[in-house]
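Protein chains in written order, with the numbering used here: chain A, 1 to 666; chain B, 1 to 176; chain C, 1 to 229; chain D, 1 to 295. Heads up: the structure comes next, in C-alpha cells.
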Amino acid sequence: MVSIKQDIRIGFYVCHCGHNIASMVDCPEVASYVEKLPGVVLSRDYKYMCSDPGQELIQKDIKEFDLNRVVVASCSPLLHEHTFRTAVAAGGLNPFFFHMVNIREHDSWVHTDRKEATAKAKALARAAIRRVAHHKALEVKQVPVNPDVLVVGGGIAGIHAALTLANAGKKVYLVEREPSIGGHMAKFDKTFPTLDCAACILTPKMSSVGAHENITLWSYSEVVKMDGYVGNYTVMVKRKARFINEDLCTGCQECVANCIYKEPKFTDEFNEGLGKRKPVYIPFPQATPQVVLIDPDVCLNFKRGVLTDKCKKTCVEACGDRKAIDFKQKEQFTEIKVGTIIVATGFQTFDAKRVLPYGYGVYPNVYTAMEVERLVNASGPTSGEVILRDGRQPKAIGIIHCVGSRDKKTNRWCSRVCCMYSMKLAHLLKEHTGAEIYNFYIDIRAPGKGYEEFYDKLNEEGVHFVRGRVGEVTDWGMTPEEEGKLVIRVEDTLAGFVRRIPVDMVVLATGLEPQADAQDVRRLFNMSCGTEGFFLERHPKLAPVNTFTDGIFIAGCCQGPRDIPDTVAQAGAAAAEAMVLIDKGHVEQEPNTAYVLPDCCGCKSCLPLCPYTAITFDEATKKAVINEALCKGCGTCVSSCPSGSIAQNLFEDEEVFSEIEGVLAD
Amino acid sequence: MSELTPPSPAAWTPRIIAFFCNWCTYTAADLAGVSRLKYASTTRVIRLMCSGRVDPQFILDAFRQGADGVLIGGCHPGDCHYVEGNYKMLRRFQLLKRLLKDLGIAEQRVRLEWISAAEGERVKTVVNEMTAQIKALGPLGMPQAFATWDQEVSELARRTGDAGEVESQEPVAAAK
Amino acid sequence: MVKSMTTPPATKKATVPTRSSDRPNVQRPGEESVPIMKMRPTIKYEADRVRGFGREIMSVPGCEQLQSCIQCGTCSGVCPLSIYMDHTPRQVMALTRADFKNEVLRSRTIWLCASCYACTVECPQEIRITDIMYELKQRAILEGIFPKRFPIPILAYDFSEMVKKNGRITEMILVIKLFMKTSWLAALGNWRLGIDLIKTGRFSLVTEKIKHHGDIARMMDAVDDQKGS
Amino acid sequence: MKYSYFPGCSLKGLGRAYEESLLPVMKHLGVELQELDDWNCCGATAYMAVDEVKACVLAARNLALAEKSGLNQVMAPCAACYLVLNKAKHYFHDYPAMKATMDRALNAVGLHYSGDTPVRHPLDILLNDVGLEAIKQKVEKPLKGLKVATYYGCQIVRPYATFDDQYNPTTMDRLMEALGATLVHYPLKTKCCGGSLTGTLPEAGIRLVYILLNEAKKRGADCIATVCPLCQFNLDGYHSQLKAQYGDVLVPTVYFTQLMGLAFGLSDKELGLNRAAVPFKWRPPLPAAATPVPA
C-alpha cells in the first residue's frame, strides 16, 4: 500500500453540520473508516466543527495527541477554510498543515442515496489524508492597503457610500457616467410609502458630495481600465469632453439663456423625452456638479460631433470673462491609485417596447412609469399637470404591473419595487387628476416597513385593484363607451371572468434589469454575474456586498432590484467593508505563489504565459525567476513547464497526484 | 478507436475526477449544493486555483489510477480570474484529446466545460450528462489493464528466463 | 317604480335579511332575472379529486410546464373565446393541476378553444396551453364526456375516420355529415352558404382519395400496436 | 428554384381559389412547384384533438414523401398544414418517444423520415428566396389606390415564429407595398378568425369574424388579404348571418396571391376571383401608356 512518512500524525474530523451532512452521510462510519488509514492518529465525528467547542477540540487534540496534520470534512472551504486554519494555528501548528474536505455542498446536499454519498465522503476524506501528508509550512504574506476608495456610479447607492467613507475621513473618488450625479432617484417625484419628495431628501446629499473636501467628484466620466489587486488597484478614468471647463463654470447658465436656439428643441433625456432642452444645458436644476455641458451632436458649432466653428457662439459671449466654454476640449484620461472599489452602477428600466401587446410606442397614451414620474413632478415638463400626449386630461387610468418582470420571455425575476411604485403613482395620479384608477397585478408584493399599510391606504382611496395580468391593450372599441379609448382586456381572476376596461391612459410598470453594459463592467472589475446579469455577491446571505475579488464591493441595484432604503443600507455596508480593509491597513495574501526549482533549464517557455509578467529570465544564472509579489497563484506556468521545474505552494504536484490517487483508491 | 475494456457489470457506477477552478466552477458546484440540486454522485472534485493549473499529467494519472472520466471546469472565455488561464487550458486540452484518441480512450471520457459561479444548474446538467455517456461506454479499467499487461510481460520474461529486468514498476496494487 | 318590477321569487323567502323591495333591481335588458335559488354546495372535498390526473396531463409531451403556472390570467386575457367559457383557461389550468378531472373534462372551455395559440405565446411561464387543451379534448373524447349531438367532438371524430379511410378530407361531405348528426336546423340555417358554395364552384362531393389509402390504416395500426404493447 | 408542393385538402376544396392563384403566380416568378406524390391529410387541428400522436404520424408521412421526392424543401400554403407539419417536425426532434412512434409507423409503410426537410410557407419563399426586388420587376399593374388590411391569422406565426415576427408580422405588408398597394393599420392582423367554431358554435365563431371585418371596415380597408383558406372561408362565407346579426360590415376577403396575380396582370379567371361570396370588384388602374411602371 501507500507509504506515509513515519512522522506524519494526522487528526481527522468529520462534521455532522446538524442534519445537513449527517442525514445523507453516515459520519461515524466515515470516521471509523478514516481511522484505519495510514498516518491517521485520531478520527472523530462531531456535531458542529465550526462551533467554538469544535475548534477547541482541534486545538486540544493537536497538543494531546501531538498531531502535525489536520483534516476537516465539512462544508465548502470557501466558507470555513479560514476558520479552521485559524484554529489549527491556535493549536500551535502552521495553519497550512490543514486541508478541508467538502462533503456538504458537493455531497450531502446534492445526492439522494445515503450509501453512495457516504462512499463519496470516504473517497474525498481519503484523498485529503493522502494530500495533507505532503503539506509544507508556509507563511502568510502581508500587503499594505491604499486608504483611498473609488466609488463607481453616482446614484443614491454611490452617493451614500461615498459620503459615508468621506465622513469617516477617507479620500473618495466618485465617478459618474452622466453629467450629474443623482441617478434614477433624482427623477422620481415622491418616494413610497412615506410620500416624501425624492428631490427634498436627495438634493442635500448631492450637494454634500459636491462640497465635501474628501470627495473628488468626476461626473461625465467612466472607468476604462483596472489593474492590480486588493489594497493596490490602479484605475484609469476617462473624463469625457463636456466642452466646459468645470473649474471655471459657475453654473449661472447665462450661456443657456443666450444660446442661438431661442427655444429648447432637443430631446431632454432627464425628462424621459417628454420635454426639450437646448444644445447647451444643465440636466436638471439641482444637478451636481452645477456645471453646464454642450451636446456636440446638436450644437451648431459642430457638425455630426466634429468642430466646425461656424456658430455665432452667443454662448461664449454670454460667458464673457469666465471663459468657461472650451469647444476644443478633448476627453482626458486620468490614472488613480486606490485600495478598494465600490461598484454601484445601478440598473436600467425595461424597454416597454419589448412587450408588444401593450402597445408602447404604438399608442401615444401608453406611458412608462418613469415617464409618469416626470409627468407628475412639479419640476417636470408639464409642471406636474397630467396632460396626455394628445392634450387631454385622463379620466380613467390603467396601471399594468409586471411589465418585463416575472415573464420568461423577457425577464423572469420579480423587480421588487414595481408593486410599490405603481401604488405610489396610483395615489399621485388620483391626487392630480381625480381619475378612476385601475391597478392590474399578478400578486401584490408589499413586504416592507409601512408597505402593506400603504396598500390599505390605496384601497381606502378607492383605487381599483384587479388581479390579472393584462392580455392586451387595444384601440378598437366594441361598445360606444369604448370608442376612442384604449381598451384593456384582462381576466379579473378573483371574479373569474374576462373584463374589457376602457381607459384614457395606460401606465406600464416596467421592471428593473442590469445595465446594458453590465457585462463589460463585470470584466473590468473582475466580478461575476448571475444568470440574469446582475453582479454576483460572494455569498447570498453572509457576504452580500462582497464580490469574488477581494477589495471590490457592490451596492444597490447593480446587484439586483431593490428599493431606496435597502440600497442605502447596502451602500453603507459596502462602505463599512471597505473601511475594514483600510483601517486594518494590510491584507493577507494566500501563499499559493509559484516558484522555480533549481533544475530549470532556461527554455523561457513560461515567460509569455504569465499575464502578470511575474516571470523574468535571469541572464546570469540562465534560469527563470518568479517575482513573488507579482505572482497571483494561478499555476498556469507550473502545468506548462516542460521540465517540471516550477512548483506552486499549496498546489504542489505531489499534493495533487496524491489527491487523485487517494480519491480513486477504493 | 476501440476501448480497452470488457462490457460493464450491472452494478457498476462510473468514477469521474473533476478538476474545478476555485473562482467559477468550484463556486458553481457550491451553488448547486446551496440550491439543493440533485445530481449523480459520480464526481470527485479536486479544487485548483485555475483551470490553467490542470497539468495534462493529472488527467493521464487519473485514468491510470482508475478514473472512468475526467471533467475540467473553468471560467467562461474572457472571464478567467487570472485573465487567460482558461485559454491555456483549452490549448492543452485540444492536444491532449488527440493523444487520448491515439491511446484508444473514447473522446467522451474527457470534457472541458466553462461554468461560471452563477451556473449551479449547469454543474448538475454536465455531471448527469457525462455520467450517462460514460455509463454507456462502460468502465475504462486502466489499473486492471495494467495488471494484465504486467502479467503478460512477466510471463514473457519468465519464459525468456530474464525475469529480473522487466518486473513491474507500476503501483498496480492501488487498484483493488 | 321599484315595486312594479318583477321580484325574483327566491328573495321573497326570508333567506335574505334586507327587504328586497328596497333594493333596485339591476336587471339589464336581455339578461335573465335571478332564477329560483337552488341550494347546491360548491365545496370540493379531497375525494372529489382524481388524484394523479394533473401529473398525468403534465407528463404528456408539451404539457410539462403546467406545473409552473402562476395563475396570472394572461391566457384568459388574450383568449378570443374566453368570453363564452364557463371556466376561464386559467381556471382550467388550476383545476387540472389540482386533479379536478371531472370539472375539467365537463367544462365547455376545452371545446371552445379554436387553437389560435395566443395563450401559448403570451404565457409568461411558457406553458403550452393550447397543447394542454388538445390533450384535455382527447381525454374527454376517450371517456365519452361531452354533450349529446355536440358538434365539435363529432367533427373531430368524423375527420379522423375520413382520413383513416381516404387519406384526405372532402370538406363538403364532412360538413354535411356533421349537420346530419347534430342538427338539421343548423343545416337549414346555413342554406345560403350552400348556395354560395355551389355558385362559386366550391361545392364538391367527389371523394378525395390517396393512391395508397391502405397506408394510413397501416400506420395507425402501427401506432395502436405500440400503445397496446 | 424548385420546391415540393403540399396543397392540403382545403386547397382542393373550399380554398381552391388559393391554389388557382398560387400556381400561376409562382410560375410567373419562375418558381417551380412539384406536387407531392400521393400526399395525405396533414393531420390538421381537428385530428390533433382526437390523437396528437396520430396527427403527427400523418404529418410525418408527408414529410417522408417530401424527403423521398428528392426536393429538399416542401411548400405548405395552408396555415393549418404549415403549422401541423412544423409541429410534427418539432416533436420529432424534441421527444424521443414521439420520434420512435413516427419511425415505427413510417416503417410499416416502407417510408423513412430523417427530420431535415424544411417546411416553408409561400410568403417565406416569396420574401426570402424570390425577393421583393424580383417581385417588383414583375409588377405590370401596380395596385395603386387599393387599401389593404393584411391579415395573417394565427397559425403561421403561432406558436412557432418561423419566418416572421410573432406579434407583428410584416412579410405580407412588405409584399403588398411592393405591389403598390396602401396598407391600412390593422392591429388585428394575427387575431383568431374562429377556426372551425364558425360552423360548430356559430355564436362564438361568427362574432370573431364580425370583429375582424368591422375593424377592417372602420379603418377604411378595400379588402382583407389573407394567407389561410379557413380564414378566407370564415371571413367570406358567413355574410348572410353577419348581415342579419351585425348589419353591413362586409369587406371582401382575398388571398394575397390573388392580389399578386392582379398586379402581375393575370386574368380574373386565372386567379379564381369568381370564387368568393363577397365579390372583390376592385381592379388595378391601367398604367399610363407613356410612363414606365415604377418598380
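Every residue, glycine too, gets a C-beta built ideally from N, C-alpha and C. Computed from a predicted structure; not experimentally measured.
In this structure residue 265/A is exposed. Its beta-carbon is surrounded by fewer than 16 other beta-carbon atoms within 10 angstroms. Partner residues in a beta bridge of residue 71/C, as assigned by DSSP, do not exist. Taking all protein chains in view, the Cβ of residue 49/A is crowded by 16 or more other Cβ atoms within 10 Å, so the residue is classified as buried. DSSP, read as helix, strand or coil, puts residue 568/A in helix. Taking the CA atoms as reference points, residue 95/B sits about 24 Å from residue 600/A. Relative to the Cα of residue 263/D, the nearest Cα in the group 43/D, 274/D and 181/D belongs to 181/D. In its chain, beyond the 5 residues on either side, 19, 20, 21, 22 and 54 have a beta carbon closer than 8 Å to the beta carbon of residue 48/B.
Chain B places a beta carbon closer than 7 Å to that of residue 660/A, counting this residue as a contact. Comparing C-alpha distances from residue 519/A to each of 511/A, 531/A and 512/A shows the shortest one belongs to 531/A. The three-state secondary structure of residue 19/B, taken from DSSP, is strand. Taking a Cβ-Cβ cut-off of 9 Å, residue 613/A has no neighbours in chain B, whose nearest Cβ is about 11 Å from it. With contacts defined as CB atoms closer than 7 Å, residue 60/D and residue 42/D fail to qualify as a contacting pair.
Contact note: residue 475/A reaches chain D through 187, using a C-beta cutoff of 8 Å and chain order. Contact between the region 39-46 of chain A and the region 58-76 of chain A is present, with at least three C-beta pairs closer than 8 Å. Per DSSP, residue 280/D has no beta-bridge partner at all.
The way I'd put it, the region 54-74 of chain C does touch the region 90-97 of chain C; three or more beta-carbon pairs between them come closer than 8 Å. Taking a C-beta cut-off of 9 Å against chain A, the contacting residues of the region 71-86 of chain B are 75, 78, 79, 80, 81, 82, 83, 84 and 85, listed in chain order. By the Cβ test, the region 566-586 of chain A is in contact with the region 342-349 of chain A, since at least three Cβ pairs between them sit closer than 8 Å. Within the region 605-636 of chain A, contact with chain B at the beta-carbon level (separation under 7 Å) is assigned to 609, 611, 632, 633, 634, 635 and 636.
Under DSSP, residue 74/D takes part in a beta bridge, and its partners are 4/D and 119/D. Counting every other CB atom within 10 Å of its CB across the protein chains shown gives residue 140/A a total below 16, marking it as exposed. Not a single CB atom of chain C sits nearer than 7 Å to the CB of residue 7/D. By alpha-carbon distance to residue 70/B, the top candidate from 148/B, 134/B and 144/B is 134/B. Inclusion of residue 64/D and residue 74/D in the CB contact set at 7 Å is not warranted, their separation being larger than that value. Rounded to whole angstroms, residue 164/C and residue 80/D show a C-alpha spacing of 19 Å. The region 553-569 of chain A makes no contact with the region 601-608 of chain A; the number of CB pairs closer than 8 Å stays below 3.
In the assembly as shown, residue 200/D is a buried residue. Its beta-carbon has 16 or more other beta-carbons within 10 Å. Between the region 240-252 of chain D and the region 211-229 of chain D, the count of C-beta pairs closer than 8 Å reaches three or more; the two stretches touch. For the pair residue 124/A and residue 149/A, the CB atoms are not nearer than the 7 Å cut-off.
Residue environment: residue 580/A is assigned as exposed (fewer than 16 neighbouring CB atoms within 10 Å of its CB, all protein chains considered). Between residue 407/A and chain C, the shortest Cβ-Cβ separation is below 7 Å. Within the region 88-157 of chain C, complete beta strand (DSSP E) segments of at least 3 residues are not found at all. Counting C-beta pairs closer than 8 Å gives three or more between the region 380-389 of chain A and the region 263-277 of chain A, which meets the contact rule. In the DSSP assignment, residue 156/A falls within the unbroken alpha helix (DSSP H) covering 156-167. Between the alpha carbons of residue 592/A and residue 413/A lies a distance of about 39 Å. One thing to note: residue 111/A has its Cβ no nearer than 7 Å to the Cβ of residue 116/B.
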